[in-house]
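Chains as they are written, first to last, in my numbering: chain V, 1 to 505; chain Y, 506 to 702.
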Amino acid sequence: MPPGPDGGLLYNRIESNRRKTVAVVTLFGAATLLFVGYLAMWFTALVVWLTTGGSSPAGHEVLTAKMLSAALAVIAALPLLSYLGYSLSPRLLLRMVRARRIGPNQELELRRIVENLSIGAGLPAPRLYVIESPAPNAFATGLDPGHASVIVTRGLLGLLERGELEGVVAHEFSHIGNRDTRLNMMTAALAMTLRLPVTSLHWLWNAIKKKLNGSPGEFRTTLGLVAYAVLCAPFLLTFAVFFPAAFWFELGFLGPVMLLLPVHVFILAPILAPRVSRTVSREREYLADADAVLLTRNPEGLARALAKIAAANRPAYANPAVASLYIADPSGASQGRSRTHPPVQERIARLAEIGRIPLTVIDSAAAAVARTIPEPAAFEAFGDYSSNARVVRLNQPARLFQSASAAAPERARLHESTLLITFAQEGEFIQAVTADRVFGYLHESTPSSPVDMDPADVQAHLPPPPPGEATGDKLSDSQAVVLIVLFALAFFVVMLWVLLDFVPR
Amino acid sequence: MLALIPAQTWGVLAAVAVAAALIVTVLWTIYNRLVLSRQRMLEAWSGIDVQLKRRSSLIPNLVESVRGYAAHEHGVFEDVARARSMLDKASGAQDSSVADNVLTQALGRLFAVVERYPTLQASTNFMDLQSELADTEEKIAFSRQFYNQNVLDYNTRIQTFPGALFAKEMGFQAASFFAAEPDARAEVRVDFGASRS
Numbered sequence: 001m002p003p004g005p006d007g008g009l010l011y012n013r014i015e016s017n018r019r020k021t022v023a024v025v026t027l028f029g030a031a032t033l034l035f036v037g038y039l040a041m042w043f044t045a046l047v048v049w050l051t052t053g054g055s056s057p058a059g060h061e062v063l064t065a066k067m068l069s070a071a072l073a074v075i076a077a078l079p080l081l082s083y084l085g086y087s088l089s090p091r092l093l094l095r096m097v098r099a100r101r102i103g104p105n106q107e108l109e110l111r112r113i114v115e116n117l118s119i120g121a122g123l124p125a126p127r128l129y130v131i132e133s134p135a136p137n138a139f140a141t142g143l144d145p146g147h148a149s150v151i152v153t154r155g156l157l158g159l160l161e162r163g164e165l166e167g168v169v170a171h172e173f174s175h176i177g178n179r180d181t182r183l184n185m186m187t188a189a190l191a192m193t194l195r196l197p198v199t200s201l202h203w204l205w206n207a208i209k210k211k212l213n214g215s216p217g218e219f220r221t222t223l224g225l226v227a228y229a230v231l232c233a234p235f236l237l238t239f240a241v242f243f244p245a246a247f248w249f250e251l252g253f254l255g256p257v258m259l260l261l262p263v264h265v266f267i268l269a270p271i272l273a274p275r276v277s278r279t280v281s282r283e284r285e286y287l288a289d290a291d292a293v294l295l296t297r298n299p300e301g302l303a304r305a306l307a308k309i310a311a312a313n314r315p316a317y318a319n320p321a322v323a324s325l326y327i328a329d330p331s332g333a334s335q336g337r338s339r340t341h342p343p344v345q346e347r348i349a350r351l352a353e354i355g356r357i358p359l360t361v362i363d364s365a366a367a368a369v370a371r372t373i374p375e376p377a378a379f380e381a382f383g384d385y386s387s388n389a390r391v392v393r394l395n396q397p398a399r400l401f402q403s404a405s406a407a408a409p410e411r412a413r414l415h416e417s418t419l420l421i422t423f424a425q426e427g428e429f430i431q432a433v434t435a436d437r438v439f440g441y442l443h444e445s446t447p448s449s450p451v452d453m454d455p456a457d458v459q460a461h462l463p464p465p466p467p468g469e470a471t472g473d474k475l476s477d478s479q480a481v482v483l484i485v486l487f488a489l490a491f492f493v494v495m496l497w498v499l500l501d502f503v504p505r
Numbered sequence: 506m507l508a509l510i511p512a513q514t515w516g517v518l519a520a521v522a523v524a525a526a527l528i529v530t531v532l533w534t535i536y537n538r539l540v541l542s543r544q545r546m547l548e549a550w551s552g553i554d555v556q557l558k559r560r561s562s563l564i565p566n567l568v569e570s571v572r573g574y575a576a577h578e579h580g581v582f583e584d585v586a587r588a589r590s591m592l593d594k595a596s597g598a599q600d601s602s603v604a605d606n607v608l609t610q611a612l613g614r615l616f617a618v619v620e621r622y623p624t625l626q627a628s629t630n631f632m633d634l635q636s637e638l639a640d641t642e643e644k645i646a647f648s649r650q651f652y653n654q655n656v657l658d659y660n661t662r663i664q665t666f667p668g669a670l671f672a673k674e675m676g677f678q679a680a681s682f683f684a685a686e687p688d689a690r691a692e693v694r695v696d697f698g699a700s701r702s
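This is the structure we're talking about:
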């Protein structure tokens with residue numbers, strides 16, 4: 001085994017990362033409490049005002065007490081909402097990406113790696129899944145180590161050597177052990193809550209714009225849209241202006257603070273929330289890298305794996321004709337990893353620093369992978385692609401090779417009814433590209449049926465991209481609905497409790 | 506009778522009671538945490554034991570498959586058998602780690618014999634056993650690592666505040682890391698190059 005990393009340095013880094021996360025989450029929590037508290041107070045005051053015809057018969061003290069209690073009640077409901085929100089997600093996600101459970105006799109090398117790492121980490125072995133996609137990627141789901149799963153793609157298994165695969169699996173283990181999925185889901189739920197007023201305003205604004213542009217938009221009739229806007233306006237005005245002003249007038253000293261709260265709700269919180277969420281996510285990635293090294297004592301493995309994955313995911317084609325046909329964003333920025341993950345170069349640099357590995361070692365590994373992707377120049381010789389491009393659907397499973405020869409290494413294994421864009425013929429092989437941007441050579445004898453589709457539309461048949469290494473940075477629609485319904489229920493309960501005071505006995 | 510106790514004394518009694526309750530709670534928490542740490546360490550140790558036993562159970566098959574090709578190498582087989590029975594009889598951490606080192610060296614000699622028989626090296630049965638053994642060695646390494654991490658945690662807890670104040674009285678002694686003995690570092694690293702196929 002190579003000499004271990006400097007223990008002091010690594011432990012310090014892990015400790016400081018954990019401290020930072022706690023600090024950030026605490027600040028986040030405080031911002032949310034302020035936000036929700038103000039919302040609850042305003043809502044209570046509004047309800048009382050509406051039901052008593054404009055004045056509170058019970059006096060200011062009682063009103064204030066009720067508002068504060070309402071704020072506390074709704075704050076207490078938040079953890080419940082978050083918990084319900086994130087407990088739904090792992091199963092949904094696995095189904096969404098069509099992950100297949102790995103049987104006890106399959107993928108023995110991966111199984112061994114996972115077993116051995118679980119001994120080293122002192123955690124139960126997670127369930128294993130594979131996605132039959134050529135793009136190399138891996139992620140972990142699960143709320144706690146007892147109910148966790150690790151998912152890898154076929155492309156990853158083919159790309160990495162044993163030491164590198166071990167590093168990637170150790171990274172996922174660290175996510176599970178650090179309960180990062182739970183953390184990410186909580187911050188995502190909180191971020192969504194904090195953005196709620198802004199998202200609804202944004203939605204309203206878009207609806208208005210669409211109506212003005214003449215398209216049907218969200219509302220069937222203009223009348224409906226106007227009615228919605230008219231209903232919203234008083235709420236917005238009381239929320240942002242009248243309520244704080246009334247507070248100031250009635251209570252004096254708390255007034256200026258109350259004026260700040262709508263600013264927090266509409267401006268500060270929605271801007272800060274996604275940033276905080278991203279920062280937490282990014283720092284946890286660094287932490288998972290460090291913990292993985294602590295587990296495997298092999299920083300080079302993970303560094304090489306990261307370099308290889310980055311090289312393999314880089315689209316190699318600068319040719320605009322090809323680019324417009326089969327990928328939306330040739331610069332590679334749209335992989336969805338940039339939002340929640342730190343840049344790969346920075347991660348590799350930190351690992352190299354820990355293990356004192358010269359970067360040339362890692363660069364050569366990445367270069368070796370990049371070499372397997374055909375150079376753009378190879379296409380220039382074939383002229384204009386767009387006229388030759390056709391869409392076909394395979395009638396049986398087939399293999400894509402790296403070059404026009406059956407002796408060439410395999411780039412991908414395609415299942416039946418995969419959509420392919422084919423270009424020119426080269427000997428006995430046809431150049432082809434799949435919906436998820438894998439280029440290769442298909443043998444001409446493979447049975448396939450032509451599909452009447454514009455090649456640019458093939459991209460719409462992409463399988464949903466794996467979301468990256470830790471899940472939970474997005475809530476699905478059903479989760480959002482559950483959260484909103486429960487939130488509304490909480491308000492309803494509070495409103496009832498306030499109104500009970502005014503029911504004649 | 507309670508009414509006879511004046512109000513000030515009630516106050517003092519209450520304060521004393523609260524202070525006592527606090528002290529008890531603190532001591533209780535410290536003790537429990539140290540016990541938890543020690544238990545985890547013991548469990549990690551038994552994890553190593555499991556892997557050592559697993560290796561031990563692979564040995565007879567290994568010896569038989571080599572004997573099929575090199576029956577005349579009696580000395581080596583006896584060494585291995587002796588080392589194995591020593592490990593099985595060993596009880597406790599010290600004996601186990603010594604016996605483990607002896608067995609490792611005996612296995613090293615066994616594999617040196619195997620080097621001389623290419624047909625044996627190529628047989629699938631032997632290759633399977635080889636990869637099983639390699640896997641077990643890896644598992645032993647990982648379980649040792651986990652044990653050492655637990656020892657680090659435990660030792661730190663009994664040597665830093667607040668555990669350090671009470672550790673001796675409560676009966677917690679420092680534990681030792683599972684370090685390889687100096688001569689065991691010369692463990693024969695047989696290159697299982699064929700196993701990644």
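We put the beta carbon where it would ideally sit given N, CA and C, even for glycine.
Because the structure is a prediction, the values reported are computed rather than measured.
- The alpha-carbon separation between HIS415/V and ALA435/V amounts to approximately 13 Å.
- Comparing C-alpha distances from VAL22/V to each of GLY440/V, SER277/V, HIS443/V shows the shortest one belongs to SER277/V.
- For PRO343/V, the number of other beta carbons within 10 angstroms of its own is below 16, and it is reported as exposed.
- Taking a C-beta distance under 8 Å as the contact criterion, LEU159/V and LYS20/V do not qualify as a contact pair.
- Here DSSP, grouped into helix, strand and coil, assigns LEU159/V to helix.
- Between ALA240/V and PRO262/V, the CB-CB gap stays under 8 Å.
- Here PRO450/V carries a strand assignment [DSSP, helix/strand/coil].
- Secondary structure note for ILE267/V: it is in no beta strand (DSSP E), with a DSSP letter that is neither H nor E.
- Per DSSP, the continuous alpha helix (DSSP H) segment holding ARG589/Y begins and ends at 579-594.
- DSSP places SER149/V within a strand segment (E or B) once states are collapsed to three.
- Here the alpha carbon of TRP515/Y sits roughly 10 Å from the alpha carbon of VAL521/Y.
- Shown in chain order are the members of the region 637-657 of chain Y whose Cβ falls below 7 Å from a Cβ of chain V: ASP640, GLU643, LYS644, PHE647, SER648, GLN650, PHE651.
- With fewer than 16 other Cβ atoms from the protein chains shown falling within 10 Å of its own Cβ, HIS147/V counts as exposed.
- Under a 10 Å Cβ-count criterion, PHE647/Y is classified as buried, with 16 or more other Cβ atoms of the shown protein chains found around its own Cβ.
- Any Cβ of chain Y closer than 8 Å to the Cβ of ILE208/V would place that residue at the interface, and such an atom is absent.
- Here GLN345/V is exposed: its Cβ has fewer than 16 other Cβ atoms, across all protein chains shown, within 10 Å.
- Taking the beta carbon of ARG112/V as reference, the chain Y residues within 7 Å of it are ASP640, listed in sequence order.
- Looking at the backbone, the Cα of ILE119/V and that of SER570/Y are separated by about 29 Å.
- Chain V has a Cβ within less than 8 Å of the Cβ of GLY552/Y.
- For ALA519/Y, there are no neighbours in chain V by C-beta distance under 9 Å, as the nearest C-beta there is about 30 Å away.
- In this chain, the alpha helix (DSSP H) harbouring LEU670/Y covers 668-675.
- Against ASN116/V, the close residues of chain Y are ASP640, GLU643, LYS644, PHE647, in the order they occur along the chain (beta-carbon pairs closer than 8 Å).
- Taking GLU444/V as the centre and dropping the five residues before and after it, the same chain places the C-beta of GLU428, ILE430 closer than 6 Å to its C-beta, in chain order.
- Not a single CB atom of chain Y sits nearer than 8 Å to the CB of ILE354/V.
- Proximity of the region 104-111 of chain V to the region 126-135 of chain V meets the contact definition, three or more beta-carbon pairs being nearer than 8 Å.
- Under the 8 Å criterion on CB atoms, ILE119/V is classed as interfacial with respect to chain Y.
- The shortest CA-to-CA distance from THR665/Y to any of LEU612/Y, ASP605/Y, ALA679/Y, GLU548/Y is the one to ALA679/Y.
- Cβ atoms of LEU306/V and ARG347/V come within 8 Å of each other, at about 6 Å.
- Comparing alpha-carbon positions, the option among SER417/V, PHE173/V, GLU300/V, PRO197/V lying closest to ALA121/V turns out to be PHE173/V.
- Annotation for GLY355/V: no beta strand (DSSP E) segment contains it, though the alpha helix (DSSP H) segment containing it runs 344-355.
- Going by C-alpha positions, THR44/V is about 19 Å away from LEU194/V.
- About 6 Å separates the CB atoms of SER561/Y and LEU592/Y; that is less than 8 Å, so the two are in contact.
- Within chain V, the C-beta atoms nearer than 9 Å to that of ALA549/Y come from GLY122, in chain order.
- Between TYR652/Y and ILE553/Y, the gap from beta carbon to beta carbon is short of 8 Å.
- The beta carbons of GLU300/V and ILE357/V sit about 5 Å from each other, so the pair counts as a contact at 8 Å.
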